[in-house]
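Single-structure report; data block below.
Numbering (the numbering used here), first residue to last: 5 to 474.
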C-alpha cells in the first residue's frame, strides 16, 4: 500500500513539472514570435545585444570622427570591406561590431585581452571574432588580389611601368616581384631555427607581385625566413603554373632572383660591375620601374606597422592568414585612394604631418617634368637623363678658382671656418674666445651612426661627443 502511494505521488510530481516546463516554453515561444512580428513591422533586424555607447572607440566611430587613428582605414574602405564580406547575420554581435573588433586588433597589434577591455567584450568572444573575421576576409581574396583579366588591363599595367621606368622598353612589364620578411614569434620544436632569416630574427616570407599602382596581384606567403627568395619563387604557384605573365610580357625583379625566360619571363638588372654605359642606363630604368614593389610593401607596413614592425604574437600557422588579410585591406585602400598620413611628433616642435603620397608623387612626376635643368637626386648620385655624371656648378667654380691651391684640409679643418663657427656659436666677444679657452674642429657626422671616443676622454668631452653625434 505504501509503495503504491509513493508511486502515485511521484507520478503526480513528474506531471506537474512537465506541465510547468511546457508553460515556460510556450511563454518563451510567444515572446519570440511577438518580437519577430514587431521587428518585421518596423523593418528592424533581430539582435541579441545593444551597442554600449560609453565605449570610447565606439563613440568615435558612431560619432562620425576619423576612423584612421583607431582602425587604420578610412570610412570608405571600411564600407567596401563590409559590403564585400556580406556578413548579414541575424545573430551574434552584428557584422559592424565584429568588423570593428577585427580591424582594431589588426591596427594595434594588441593582445586579445587588451581588445576585450577596449570593447568591453569577453576574452573568448574576441578570440572567436578575430579568427572568424580573418577567415571571412581571406575567403574574398580572389575578388581583390587577382592578375589582369583582360588584354586592356594588361596594357594599362604595361603603360604604367613604362611611365615609372621613364622608358618605353618597359611597356611590356606585367608586374614587379619581390619578397618581404614578416617578423614572428620564434616557434618551438626542432624546426624553430629554420625560421631565422639572414637578419637573425624569426620570420616567414611574403612573396608578392604588384602592378604599377602598388596593388598586389599575386601573393605567396608561409615559407620560413631561412628560405632564399629564388627558392620561394620556384615553389610558388605563379612559377609552377607558368601562366603569367603571358607571352611577350615579363616581370621585374632584383638581383636576388635569376634572370629567366621559362616558365615565366623574369628580367633582373645586370650584375656589378656593369660593363658600358648601356648596362648602366638599363639598370637605372630597371630600378625606377622595379621599386614600386618596395613602395607597396612600405605602404602596407606603414598602415599596419604594429603587425609588420613587431613580432606577431599568434601561432605560426595563423600568420599567413593575417598577412593575407592585410594584403586584401591594402588593395582596398589603394582602390579607393585611401592614403594614410603619418604624424611625426617631436618633443620641442609641433607635430608635422608627412604624407606618403607626396613622396610617391614627387618620384613619379620627376619623369614627367620637362624642365631642362632638372636633376635626379634619388639614385645616390647626380646624373642626367642620359645617366651621365653631372658635376655641380659649385664644384666647377672651385676647380676653376686659381686663388686656391686645392690642398687637403688640415686634420682639424679649415682655420677660417673654425674661427667663424666659434664666433657664431659663442659670440664674437665671448671670454672663452678672448682667453683662448675654446677649440673647434670641422667634422662631418651622419645621424644614426655610432660614434667612438677613447676611454681616457673626460666626462665633459664625452658629453660634447654625445651632443655632436645626436
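Ideal Cβ positions, reconstructed from N, Cα and C, are used throughout, including at glycine.
#### Entry: Bridge partners - residue 211, DSSP secondary structure assignment
183, 224
Report yes if the C-beta distance between residue 292 and residue 169 is below 8 Å; otherwise report no. yes
Considering only the beta carbon of each residue, do residue 182 and residue 212 sit closer than 8 Å? yes
- If residue 115 and residue 75 are in contact, beta carbons under 8 Å, what's the gap, nearest whole angstrom? With 8 Å as the limit, residue 115 and residue 75 do not qualify as a contact, their Cβ atoms being about 17 Å apart.
Discussion item. I'd like to confirm the pairing. Which residues does DSSP put opposite residue 270 in its beta bridges?
Written reply: 255, 264
Simplified DSSP assignment, three categories, for residue 358: Low confidence applies here, because residue 358 scores a pLDDT of 36, under 50, leaving its location unreliable; read the following figure in that light. Three-state result, residue 358: strand.
For residue 73, the three-state DSSP class (helix, strand or coil): helix
Tell me whether residue 334 sits in a helix, a strand or coil according to DSSP, three-state version.
helix
*asked:* Going by DSSP in three states, residue 435 sits in which element: helix, strand or coil?
replied: helix
Q) Mind pulling the beta strand (DSSP E) runs of 3 or more residues that sit fully within the segment 135-209? A) 177-187
**Message:** Given a cut-off of 8 Å on the beta-carbon distance, is the pair residue 123 and residue 59 in contact?
**Reply:** yes
Point to revise | residue 439 burial status per 10 Å Cβ neighbour count (16 or more: buried) | key: exposed
message = Taking only three categories from DSSP, how would you classify residue 316?
response = strand
So does residue 108 have its beta carbon nearer than 7 Å to some heavy atom of the ligand FAD? Ligands displayed in this structure: none; no statement on the ligand FAD is therefore possible.
Practice problem: Could you check what DSSP says for residue 352 in three-state terms: helix, strand or coil? | Solution: Its pLDDT being 42, under 50, residue 352 is placed unreliably in this model, and the coordinates cannot settle the point.
- [ ] For residue 307, collect the residues of the same chain with a Cβ closer than 6 Å to its Cβ; drop the 5 residues on either side in sequence, then sort them by chain order.
- [x] 76, 344
* Cβ neighbour criterion (16 or more within 10 Å) applied to residue 349 -> Interpretation of residue 349 is limited by its pLDDT of 37, a score under 50 that renders its predicted location unreliable; the figure taken from the coordinates is listed afterwards. Classification of residue 349: exposed, given that the 10 Å Cβ count is below 16.
Check your understanding: Applying the criterion that 16 or more other CB atoms from any shown protein chain within 10 Å of the CB defines a buried residue, is residue 70 buried or exposed?
Key -> exposed
### Distance CB(residue 151)-CB(residue 223) smaller than 8 Å
no
* Taking residue 319 as the reference, which of 207, 140, 162, 118 has the closest Cα? -> 207
Figure out for me which residue from 25, 128, 228, 216 has the closest Cα to the Cα of residue 256. 216
Leaving out the 5 sequence neighbours to the left and right, which residues in its chain are closer than 7 Å to residue 342 when beta-carbon positions are compared? 77, 78, 80, 81
By Cβ distance below 6 Å, which residues in the same chain neighbour residue 190 in space, the five residues on each side in sequence not counted?
-> 196, 206
inquiry  = Considering only their Cβ atoms, is the gap separating residue 243 from residue 269 smaller than 8 Å?
reply    = no
Straight-line Cα distance separating residue 128 from residue 214:
37 Å
Rounded straight-line distance, which links the Cα of residue 431 to that of residue 171: 55 Å
Checklist entry - Whose C-beta lies closer than 6 Å to the C-beta of residue 334 among residues of the same chain, with five residues either side of it excluded? => result 304
*Out of curiosity, what's the CA-to-CA distance linking residue 120 and residue 126?*
6 Å
For the alpha helix (DSSP H) that contains residue 120, what are its first and last residues? 116-123
Residue burial classification, residue 271 (beta-carbon count within 10 angstroms, cutoff 16): buried
Point to revise | Chain-order list of residues whose beta-carbon lies under 6 Å from that of residue 184 (same chain, five-residue window excluded) | key: 210, 301
query = So what does DSSP say about residue 29, is it helix, strand or coil?
reply = helix
Q | DSSP state of residue 308 mapped onto helix, strand, coil | A | coil
| query | In whole angstroms, what is the alpha-carbon distance linking residue 227 and residue 235? | reply | 10 Å
The alpha helix (DSSP H) with residue 244 in it runs from where to where? 241-245
* Among 267, 15, 261, which one has its Cα closest to the Cα of residue 273? -> 261
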